[in-house]
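> I am attaching a structure below and will ask some questions about it afterwards.
Residue numbers (our numbering): 411 to 450.
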């Protein structure tokens, strides 16, 4: 098994960061939707 290159680590980090941001947006959207429904 070879060593992981700096570029591979950076790529994985960027992908993880992108996924976290997507999940955060989705959670925020759900929270706002639930909040809106409770106010009705």
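Just so it is clear, CB atoms sit at the ideal spot from N, CA and C, and this is done for glycine as well.
Since we're looking at a predicted model, the values are computed, not measured.
1) From residue 420 to residue 432, what does the alpha carbon distance come to, in whole angstroms?
2) Over the uninterrupted alpha helix (DSSP H) stretch that includes residue 417, give me the two end residues.
3) Is the beta carbon of residue 428 within less than 8 Å of some heavy atom of the ligand MG?
Result, derived from the coordinates:
1) Here residue 420 corresponds to residue number 10 of the chain shown, with the count starting at 1. Here residue 432 corresponds to residue number 22 of the chain shown, with the count starting at 1. If you take the alpha carbons of residue 420 and residue 432, they lie about 18 Å apart.
2) As a working mapping, residue 417 is identified with position 7 in the chain shown. Start and end: 416-449.
3) The model depicted lacks the ligand MG and carries no ligand whatsoever.
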